[in-house]
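Undergrad:
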Amino acid sequence: DEIALKMGLDKRSPYRIKALIINTLEEAIYNMGDTYMNKNDLFIECCRIANKEENIIDHDDFISYINELASDKKILVDNEENVYDVRLAFYENEIARIIVEHLNKEIKNPYSDDKILYELSHLEEDFHIEYNEMQKLAITNALKENVSIITGGPGTGKSTIVKAIIEIQKNEIIAHIPK
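Heads up, the sequence shown is in my numbering, so the first residue is -9 and it goes up one at a time.
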């Protein structure tokens, strides 16, 4: 932006304002961990950035630029006035499609609760750890369901859970290799 201004680009240039909108959207969604930003919140944030010394962007111009960016497929605006980065919206929809596809698949589950608990007891011995009840439940669900989403804050054992799932599946594969 500084370079553009030094080269003589007008403060109110549509290129500058559209770049501001896209940059503000990207920074907000990446910093907040969301895939969209409410259009009004985006307007407020763009004004906060652009209108420090003088009124550079007003609501009518903002809406016009939003419509142009949407028409150019740079952003996506939904019916609830949320503005998405086009790439993230595509990936979010693709992930949702894959999850639905997996949920609708019939799987042959080789894991009973007893087998999982047996495997977990051996992993606890081998790795000198003790899984808590929530971790055991997460591991069991991941092994028995088509889709499992494991969440938690730092230090809650997500990596430990994934390692256990991989080890149990690895043991199942090894058990079926012809000798």
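Just so you know, even glycine gets a beta-carbon here, dropped at the ideal spot from N, CA and C. Computed from a predicted model, the values in this text were never measured in an experiment.
Less than 9 Å between the beta carbons of Asn28 and Asn72, yes or no?
TA: yes
Undergrad: In this structure, how does DSSP classify Tyr20 when only helix, strand and coil are distinguished?
TA: helix
Undergrad: Using 8 Å as the Cβ pair cut-off and three pairs as the minimum, do the segment 149 to 164 and the segment 116 to 136 touch?
TA: yes
Undergrad: Does the segment 7 to 26 touch the segment 73 to 81, meaning 3 or more C-beta pairs lie closer than 8 Å?
TA: yes
Undergrad: Helix, strand or coil: which one does DSSP assign to Val137?
TA: Val137: coil per DSSP, three-state reduction.
Undergrad: Using three-state DSSP, classify Ile119 as helix, strand or coil.
TA: In this structure, DSSP gives Ile119 a state outside helix and strand, which the three-state scheme calls coil.
Undergrad: Considering Ser158, what are the terminal residues of the alpha helix (DSSP H) in which it resides?
TA: Sequence check: residue 158 is Ile here, not Ser. Element bounds for Ile158: 148 to 165.
Undergrad: Under 8 Å: do the segment 2 to 14 and the segment 35 to 53 share three or more Cβ pairs, one atom per stretch?
TA: Contact between the segment 2 to 14 and the segment 35 to 53 is present, because at least three Cβ pairs lie under 8 Å.
Undergrad: Below 8 Å on the Cβ atoms is my contact criterion, and I expect Leu113 with Ala86 to pass it. Report the Cβ-Cβ distance as a whole number of Å.
TA: Rounded to the nearest angstrom, the Cβ distance from Leu113 to Ala86 is 32 Å, too far for a contact under 8 Å.
Undergrad: Considering only residues of the segment 32 to 100, which uninterrupted beta strand (DSSP E) runs meet the minimum length of 3 residues and lie entirely inside it, listed in chain order?
TA: 65 to 67, 72 to 75
Undergrad: Quick check on DSSP: helix, strand or coil for Met27?
TA: strand
Undergrad: Compare the Cα-Cα distances from Glu123 to each of Gly143, Pro100, Phe117, Gly147 and report the closest residue.
TA: Gly147
Undergrad: Assuming Ile65 contacts Leu15 (C-beta within less than 8 Å), just tell me the rounded distance between them.
TA: 7 Å
Undergrad: Could you tell me whether the Cβ atoms of Lys18 and Leu32 are closer together than 9 Å?
TA: Here residue 18 is Ala; the residue named in the question, Lys, does not match the sequence. Here Ala18 is near Leu32, since their CB atoms are less than 9 Å apart.
Undergrad: What number of angstroms, rounded off, separates the C-alpha of Asp116 from the C-alpha of Leu110?
TA: One C-alpha to the other measures close to 10 Å.
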